[in-house]
Structures are given as structure tokens and as C-alpha cells.
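Asks: 1468 is the number of the first residue of the sequence shown in my numbering; add one for each residue after it.
Here a beta-carbon is modelled for each residue, glycine too, at the ideal position from N, C-alpha and C.
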Amino acid sequence: MTPPDSAPGASSSSSSSSSSFRDRVRGAASPSPDVRELDVSSTPADPVSLFLEWLDAAVAAGVVQPHAFTLSTASTASGPTARTLLLKDVDDAFWFTSSALSPKGRQIAEDERVALTFFWAAQGQQVRVTGSAVAGPRDVAEQDFRHRHPDSRAVAVAVPQSTEVDDVRAADEALDRARAEVEADDDLVPDDWTAYRVLPVSVEFWQATTGRDQVRVRYDRVGDDWRRASLWP
Ligand SMILES: Cc1cc2nc3c(=O)[nH]c(=O)nc-3n(C[C@H](O)[C@H](O)[C@H](O)COP(=O)(O)O)c2cc1C
């Protein structure tokens, strides 16, 4: 851990703003002190089992949207970008759904390598997944879309995701038309709605411990197997 007296800005001209920032977050809650230690020698052979164990524990502990994660993508034109998504499924791959016409969809089309980051604050746990995002079968995307609330479906049909809205009235009219289309056809699924699957090539688990230390274990795909390594915090 970084000692308090060597915190960024402590000895520089920005020390006053840095110390007021420390004051601001001083009262913030920390991870629960009874977090479990990550015992490297007894971790399962494959990372998906451990991920599901941690996810189940987060659900049981009442974490709000424990399946939310940060999806990071990158492309030459736009550089790195990240946003929050909800995980839709896990088998040998991690699944999420979105529009292929969105900025993230366009970035994935340019470079399919992505990173998924899960953070369960009270548990003091982080999971980092890297792999390539590829479009899964069309029927998975269709099933996902049909399960969405009609309003969410209408929003996705009306205007491409992340489009700048110059004319609010025109956008509202497009939304009204999309609502009518969605109401008239339960099976309507826009062509760009995509279920992406990320087959992991590495999965890293980070666990805070009661000693205010951290334990990290990374799984790296080697052929059909996983190689496990402890990482220095
Ligand atoms: C909790 C949460 C869950 C979200 N889930 C999704 C999702 O599953 N799919 C999606 O396309 N956008 C989801 N979003 C919206 C994205 O964060 C993002 O705003 C949107 O996908 C546009 O991203 P882009 O412009 O980088 O393509 C979610 C946002 C939040 C805060």
C-alpha cells in the first residue's frame, strides 16, 4: 500500500487540494473487514468456477447489480474507451448484449480484443477478464432483445445508440414510432442487436484481505488448460 506521507501531491504544490480530497473521502466505508482470504493453493482449476463462486457470494450479500462490469475497448481512431454493462450469461465465455452500431460495437469490429472488469466493493474483490468479443448466434441476441422492457426495446429501435441528439422533438417522434412498432410486433429485433461472447484468455482475481494486503491470482489460457500464477500485489 502507498504510505500516507507519500500519497500523490503530498509534497507538491497540489498538496492542499490533495489533502482536502483525502478529507472528503476519509469517512467513506472500506471493504468489510471479514473478507475471505484468497487461498491460491485451493483455487479451482478453471477461472469460470471461481468467478461464479464470487458472483454467487456477491448476490447472497445483497450487492446491487453484482453482474455489472466495465467493458473496455480500444481502436486506433478513438483510443481506449470504457462503459458499464450488465453480464447476460457465463458458460465457457462471458456474454453481453449491445448494438453493433454503437461506438463500442464499432470499436469491437475494428479490434475484437476487450477487457471486462468486475468490482465488488464491500467484498474487496475485483475480477479482470481479457479476451476477444465475437458475435454469438443470432437467436441469442433475439431472445435477449425480446426479454427487454418494451420501453428499452423502443429506445434501441428508434435511434442508433449514442447518437448525438440535435433535435429533441424529432428524436421523440422517432421514439413514438418505435413504440408503436414494438407494440405491433413482439418479435421485432433490430439487425444490429448483438449478443457478444468473450472467450477469456486471462482472468485475474484480486482479493483484499483483513491484513489490508491484497492477494492476486491470474489464470492464463494455455491450449485447453489454465495456468495459475500468484501475482505480487
Ligand atoms: C448499470 C448499467 C448497465 C448497463 N447495461 C448495458 C447493457 O447491457 N448494454 C448496453 O448496450 N448498454 C448498457 N448500459 C449503457 C452503457 O454504459 C453505455 O452508455 C452504452 O452502451 C453506450 O456505450 P458506447 O457509446 O460506448 O457504445 C448500461 C449502463 C449502466 C450504468
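Taking 8 angstroms as the cut-off, decide whether the C-beta atoms of Val1670 and Val1594 are in contact.
Replies: The residue labelled residue 1670 in the question sits at position 203 within the sequence shown. The residue labelled residue 1594 in the question sits at position 127 within the sequence shown. Yes. Within cutoff.
Asks: Where does Glu1631 sit, in a helix, a strand or coil, going by DSSP?
Replies: For this step, residue 1631 is matched to residue 164 along the sequence shown. In the structure shown, Glu1631 sits in coil (DSSP, three-state: anything other than H, G, I, E or B).
Asks: What's the C-alpha gap between Glu1577 and Gly1603?
Replies: Working through the sequence shown from its first residue, we reach residue 1577 at position 110. Working through the sequence shown from its first residue, we reach residue 1603 at position 136. One C-alpha to the other measures close to 17 angstroms.
Asks: Hey, would you say Gln1548 sits closer than 8 angstroms to Gln1574, going by beta carbons?
Replies: Here residue 1548 refers to the residue found at position 81 of the sequence shown. Here residue 1574 refers to the residue found at position 107 of the sequence shown. What sits at residue 1548 in the sequence shown is Thr, not Gln. Yes, Cβ-Cβ distance for Thr1548 and Gln1574 is below 8 angstroms.
Asks: So Phe1612 packs on Val1557, CB below 8 angstroms; how close in whole Å?
Replies: Counted from its first residue, the sequence shown places residue 1612 at position 145. Counted from its first residue, the sequence shown places residue 1557 at position 90. Actually they are not in contact, since the Cβ atoms of Phe1612 and Val1557 sit about 19 angstroms apart, beyond 8 angstroms.
Asks: Where the beta carbon is closer than 5 angstroms to any heavy atom of ligand 1, which residues qualify, in chain order?
Replies: Ala1535, Arg1550, Thr1551, Leu1552, Leu1553, Ser1565, Ser1569, Pro1570, Lys1571, Ser1629
Asks: With DSSP as the reference, label Gly1690 as helix, strand or coil.
Replies: Residue 1690 sits at position 223 when you count from the first residue of the sequence shown. It is coil, neither helix nor strand.
Asks: Can you check DSSP and say which residues form a bridge with Val1515?
Replies: What you label residue 1515 is simply residue 48 of the sequence shown in a count that begins at 1. According to DSSP, Val1515 bridges with nothing at all.
Asks: Check whether the segment 1607-1627 touches the segment 1674-1692, taking contact to mean three or more Cβ pairs, one atom from each stretch, closer than 8 angstroms.
Replies: no
Asks: If Ala1589 sits next to Ala1527, beta carbons under 8 angstroms apart, how far is it from one beta carbon to the other, in whole angstroms?
Replies: Within the sequence shown, the letter at position 122 stands for residue 1589. Within the sequence shown, the letter at position 60 stands for residue 1527. The pair is not a contact, with the Cβ atoms about 12 angstroms apart (cut-off 8 angstroms).
Asks: Below 6 angstroms CB to CB, which residues in the same chain sit around Arg1688 once its five sequence neighbours on both sides are set aside?
Replies: Working through the sequence shown from its first residue, we reach residue 1688 at position 221. Closer than 6 angstroms at the Cβ level, and outside the excluded window around Arg1688, lie Val1668.
Asks: In the segment 1622-1672, which residue ranges form an unbroken beta strand (DSSP E) of at least 3 residues, counting only runs that do not cross its ends?
Replies: none
Asks: In the DSSP assignment, find the beta strand (DSSP E) that holds Gly1494 and state where it starts and stops.
Replies: For this step, residue 1494 is matched to residue 27 along the sequence shown. First-last for Gly1494: undefined, no H or E at that position.
Asks: In terms of alpha-carbon separation, which member of Phe1488, Asp1658, Ala1535 lies closest to Trp1587?
Replies: Working through the sequence shown from its first residue, we reach residue 1587 at position 120. Taking each of Phe1488, Asp1658, Ala1535 in turn and checking the Cα distance to Trp1587, the smallest one comes out for Ala1535.
Asks: Are the CB atoms of Leu1505 and Gln1674 nearer to each other than 8 angstroms?
Replies: Locating residue 1505 in the sequence shown gives position 38, where the first residue counts as 1. Locating residue 1674 in the sequence shown gives position 207, where the first residue counts as 1. Going by C-beta atoms, Leu1505 is nearer than 8 angstroms to Gln1674.
Asks: Within a Cβ cutoff of 8 angstroms, which residues of the same chain sit near Asp1653, ignoring the five residues on either side of it in sequence?
Replies: Locating residue 1653 in the sequence shown gives position 186, where the first residue counts as 1. If we look at Asp1653 and ignore the five residues flanking it on each side, its Cβ neighbours are Arg1613.
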